[in-house]
Each structure stands twice: as C-alpha cells, then as structure tokens.
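Quick note on my numbering: the sequence shown kicks off at 26 and runs consecutively.
By construction, the Cβ of each residue, glycine as well, lies at the ideal position given by its N, Cα and C atoms.
What follows is a single structure, written as structure tokens, with notes after it.
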Amino acid sequence: MEMLTQIVSNASDFLWNVILIILLCGTGFYYTIRLRFIQVRKFREGLGQVFGHMFSKEQRKNKGAAGEMTPFQSVATAIAAQVGTGNLAGAATALVGGGPGAIFWMWLSAFFGMATIYSEAVLAQEYKTVKDGEVTGGPVYYIHAAFKGTFGRVLAVCFAVFIVFALGFSGNMVQSNSIGSAFAEVFEVYNLNIPPIAIGLVVAAICAVIFLGGVDRLASVVEKLVPLMAGIYIVGSLTLICLHITAVPVALKMIFVGAFNPEAVMGAGAGIAVREAIRYGVARGLFSNEAGMGSTPHAHARAKAENPHKQGLAAMISVFIDTFIILNLTVFSILTTGVLGSGKDGTALTQAAFMTSFGNFGIIFVAVCLFFFAFSTILGWHFFGLVNMKYLFGEKAGKVYSVLVVIFVVIGSTLKVDLVWSMSDFFNGLMVIPNALALWALSSTVVKISKKFSK
C-alpha cells in the first residue's frame with residue numbers, strides 16, 4: 026500500500042508541477058491575448074453580472090426551464106466548489122513550500138485563469154442541451170463539438186470518468202476528512218470525547234437532504250451559503266489583519282522580493298529557489314480556483330443567461346473572489362502574524378495565525394470556516410460528478426451515485442488515507458487534459474462569440 030501511494034503521489038506531483046503548469050498557464054495566456062485582456066476590459070461588467078443578479082428579485086424568481094439556474098446561482102455553485110480546503114490549507118502549503126514569493130505567481134496564474142474560465146463558461150453555454158427533460162451541459166458536450174467521431178467520444182468518456190472519481194468519490198472523501206480533522210482539534214482542546222464519525226454522519230445527513238431535492242434545492246442552498254461563508258471568513262480575517270496592520274507593507278515586500286529572490290526573504294538555508302516559488306504558487310493557485318479543470322462549466326451551463334458572453338464574464342468573477350479575495354485573506358493572515366516559520370503546515374498553520382490574536386477561539390473559527398468551505402465544495406463536486414454520471418449511465422444512475430457519495434462522505438470523515446488524497450489530486454489533473462484540448466480546438470468559436478456579444 027505504501028509503495029502504491031508513493032507511485033500515485035509521484036505521478037500526481039509530476040502531472041501538477043510540470044505538465045499542467047505549462048498546459049493551464051499556456052491556455053490562460055493564449056486566451057488572454059486572443060480576447061485582448063478581457064479580464065481587465067470587462068471586469069466591471071462581470072461584477073455587474075454577478076452582483077446585479079444577486080440583488081435582483083426578478084432574476085432570482087425567473088428560474089426558467091427544468092435544471093436551469095439564475096446567473097447568480099450558477100456563479101454561487103461554481104464558487105462553492107472553488108472555495109474549499111485549498112483556501113485555508115492550499116495557501117499555507119504554497120507559503121511553506123515556495124515561500125512568500127509563491128503568492129506572486131499564484132496571482133499571475135489566477136489572472137490568466139480568469140480568461141480560461143471565461144472561455145469554459147462561454148462554451149458550456151454555447152453547447153448546452155436538454156437531456157431527459159432537463160437543461161444540462163459541461164465539458165463532455167463541448168468536447169464532442171471540438172472532436173468529431175470516435176476520438177471525441179473517447180475523450181468525453183475519459184473526462185466523465187475522471188471527474189466522477191476525482192470529485193464525486195475521492196475528492197469528497199478528502200473534504201469530509203478535512204472537516205473531521207478540524208473539529209477533532211477543537212474537541213481535543215476542550216477535552217470532548219466526540220468521535221470524528223459523528224461529524225461525518227451529520228454532514229452526510231445534511232448532504233442527503235440536499236441531494237434528494239435535486240438541482241433546484243442545491244441552487245437555493247448555495248446562493249445563501251456562499252455569501253454567508255465568505256462573509257464570516259472575510260470579517261474574521263480582516264479583523265486579524267487589522268490587528269497587525271503595520272505588518273502589511275512588510276508582507277507585500279516579502280511577496281514581491283520572494284518571487285524573484287526567495288533567499289533574500291527565507292534565507293539560503295531554506296533551500297527555496299525561484300523555480301520552487303513558481304511551482305508551488307502556480308500549482309496551488311490553479312488547484313484552488315479550478316480554472317481550466319473543467320469542473321465549474323457544469324454550473325455555468327445551467328445558467329439562464331442572456332448570452333454566453335455575459336455568463337463568461339460572470340465566471341471570471343468567481344476566480345477573482347476565490348483567489349484575489351478569499352485566498353489572499355489567508356495569505357496575509359499568516360504573513361502579518363509571523364507564524365510562517367513556526368514549523369506548521371496546511372490548516373494547522375492557518376489555525377496558528379488566528380490563535381496569535383484570538384487564542385483557542387481561533388481554532389474554533391478556522392474549524393467553522395473549514396466546515397462551510399468543505400461542505401459547500403461537497404455540494405458543488407457532487408453536482409459536477411452527477412452530470413457526468415448521468416452522461417455515462419443515464420438518468421437512473423443519478424440516485425445510485427448520490428447514495429455512494431453520502432457513504433464516501435461518512436467514510437472520509439473517519440479515515441485519513443494518503444492514497445485517497447493522492448488519487449484525488451491525480452484524477453483532478455487528468456481531467457484537465459481533455460478539457461484543455463477542447464479549449465484550444467474551440468478557441469476561434471470563443472473569440473467569435475466574444476466579439477459578437479461584446480458589441
């Protein structure tokens with residue numbers, strides 16, 4: 026088992042740290058040029074698409090056909106999937122592995138990723154369809170459009186299988202495990218003899234109720250949950266950063282200097298080179314915002330959008346919120362409190378940052394936020410996997426899939442199996458390849474749609 030875990034882990038590292046950095050950054054850069062920096066030109070309009078619909082009662086009541094969401098609900102579902110444990114643990118891991126300079130490269134990859142996710146949402150809208158009386162769409166449908174015949178069918182099936190395993194099964198085990206682990210720390214501090222499986226059963230029960238309600242119930246939950254969870258974390262993080270406001274200029278200097286000269290920040294003994302800063306920053310950033318992975322287009326395909334271009338603009342804002350707001354709050358919480366050299370990593374490092382000013386309440390706060398983040402990701406990832414499960418095996422397979430996800434959520438809360446984490450990362454990486462190939466093949470279609478509706 027240890028040997029298999031090491032093999033999968035090495036394969037996953039090579040995939041994420043070499044192949045996908047080149048493929049995803051290349052795709053984002055390509056679309057940024059071809060779309061003439063759309064993430065800058067149309068940023069304000071994108072904000073209007075998201076928050077204008079958020080506060081529009083008329084738009085929220087107009088649900089459209091079966092399976093359709095309002096534009097805000099689709100963006101909320103995408104953000105629910107994007108804002109997960111990576112925002113608490115991924116940023117911390119990037120800081121430890123690549124130094125503060127990794128954050129600069131994380132920002133850069135997210136900037137290009139905004140153009141990538143625009144193209145994904147545009148294609149998801151353009152090639153969505155009605156199946157079994159319900160509006161649906163996603164990469165499997167635009168992969169078919171990009172590559173005709175057997176090759177297209179094989180690529181689409183591969184993508185569907187990868188995402189079901191990566192997100193629906195192993196991915197959701199990872200999320201529930203993170204929830205169980207975070208609350209285990211709280212229980213230990215307060216000497217509460219509550220087993221992690223109790224948390225797993227509670228999470229699974231809530232998930233089951235939402236899953237049974239279908240897409241409409243999920244959309245209704247996430248449009249309320251996402252603003253709530255984001256608001257709680259933003260308030261708590263800003264409070265912590267404000268308490269250490271004088272350290273913000275130093276933190277910014279560490280990021281920009283560390284991006285090009287890590288030794289000047291971390292010291293020669295840390296062994297961090299520019300290559301490591303780039304590798305950790307780009308890989309963790311892409312993993313967090315999911316731009317180019319092919320997951321969020323499932324949500325954007327369901328939106329009752331005015332046209333594909335406007336849904337693409339809304340999609341861009343999801344990457345901005347995930348990386349430039351939520352993830353940055355974690356980064357500056359860690360850097361301004363000076364806990365980077367504490368020897369901790371992942372969620373424990375984030376908890377250490379909050380404990381500097383809030384004591385044991387900091388552990389509770391991070392655990393609660395992690396619960397919201399991971400739970401929302403479970404909802405989003407279940408939905409993405411469900412679309413592909415139905416594509417592979419038909420409508421009846423949906424209920425079986427949902428039951429399996431609930432079971433995996435319970436199992437994941439009790440186990441911390443390194444192999445499961447590695448397999449989740451590996452299948453996440455494999456998803457990117459067929460999706461990115463389709464993005465390149467359909468780039469002219471994206472540009473044509475952008476020009477048509479921009480006017």
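Check	Outcome
Cβ-Cβ separation, Gln74 to Glu248 (assumed contact under 8 Å), whole Å	Rounded, the Cβ-Cβ distance is 15 Å, inconsistent with contact.
DSSP state of Met291 mapped onto helix, strand, coil	helix
Three-state class that DSSP yields for Met94 in the structure shown	strand
CB of Asp341 within 8 Å of CB of Gln64, strictly	As written in the sequence, residue 341 is Met, which differs from the Asp given in the question. Contact flag set, yes.
Under the three-state DSSP convention, the category Thr161 falls into	strand
Contact the segment 449-457 vs the segment 205-222: 3+ CB pairs below 8 Å	no
Neighbour-count burial assignment, Gln200, 16 or more Cβ in a 10 Å radius	buried
Outcome for Ala516 when other beta-carbon atoms lying within 10 angstroms are tallied against a minimum of 16	Past the boundaries of the shown model lies residue 516; the chain is included only from 26 to 480, so the question cannot be answered.
Boundaries of the beta strand (DSSP E) in which Val155 is found, first to last residue	Thr154 to Lys156
Which of helix, strand or coil DSSP assigns to Ala328	strand
Exposure label - Ile47; buried when at least 16 CB within 10 Å	exposed
At least three beta-carbon pairs within less than 8 Å, the segment 268-282 to the segment 99-117	no
Straight-line Cα distance separating Val165 from Ala330	20 Å
Supposed close pair Asn413, Ile188 - CB separation, criterion 8 Å	5 Å
Length of the line joining the Cα atoms of Val214 and Lys476	57 Å
For Ile297, the three-state DSSP class (helix, strand or coil)	coil
Local Cβ density within 10 Å of Pro287, reported as buried at 16 or more and exposed below that	buried
CA nearest to the CA of Thr348, picked from Trp130, Val43 and Val121	Trp130
Supposed close pair Thr175, Ala461 - CB separation, criterion 8 Å	Contact flag wrong, Cβ pair sits at about 20 Å.
Anticipated Cβ contact below 8 Å, Ala185 with Tyr416, distance rounded	5 Å
Distance CB(Ile359)-CB(Thr375) smaller than 8 Å	yes
Boundaries of the alpha helix (DSSP H) in which Gly193 is found, first to last residue	Run containing Gly193: none; DSSP gives neither H nor E here.
Which listed residue (Ser401, Ala308 and Ala378) has its alpha carbon closest to that of Leu40	Ala308
Exposure of Thr372, with buried meaning 16 or more beta-carbon neighbours within 10 Å	buried
Cutoff 8 Å: Glu248 Cβ touching any chain D Cβ	Absence of chain D from the displayed structure is noted, only one protein chain being present.
Bounding residues of the alpha helix (DSSP H) (the contiguous stretch that carries Pro220)	Here Pro220 belongs to no alpha helix (DSSP H), and DSSP marks it neither H nor E.
Thr402 versus Ala293: straight-line alpha-carbon distance, rounded	38 Å
Straight-line Cα distance separating Ser382 from Phe481	Any answer about residue 481 is impossible in this case: the structure gives the chain only from 26 up to 480.
Neighbour-count burial assignment, Glu27, 16 or more Cβ in a 10 Å radius	exposed
Contact check, Gly283 vs Gly126, beta carbons under 8 Å	yes
Among Gly239, Leu467 and Ser449, nearest to Leu411 - alpha-carbon criterion	Gly239
CA-to-CA distance, Phe236 to Phe398, given in whole angstroms	18 Å
Sufficient close CB pairs (3 or more, under 8 Å) joining the segment 155-163 to the segment 463-479	no
Glu315, DSSP secondary structure in three states	coil
Asn216 classed as buried or exposed, judged by whether at least 16 other C-beta atoms fall within 10 angstroms	exposed
Contained alpha helix (DSSP H) runs [length at least 4] in the segment 415-467, N- to C-terminal order	422-439 and 443-466
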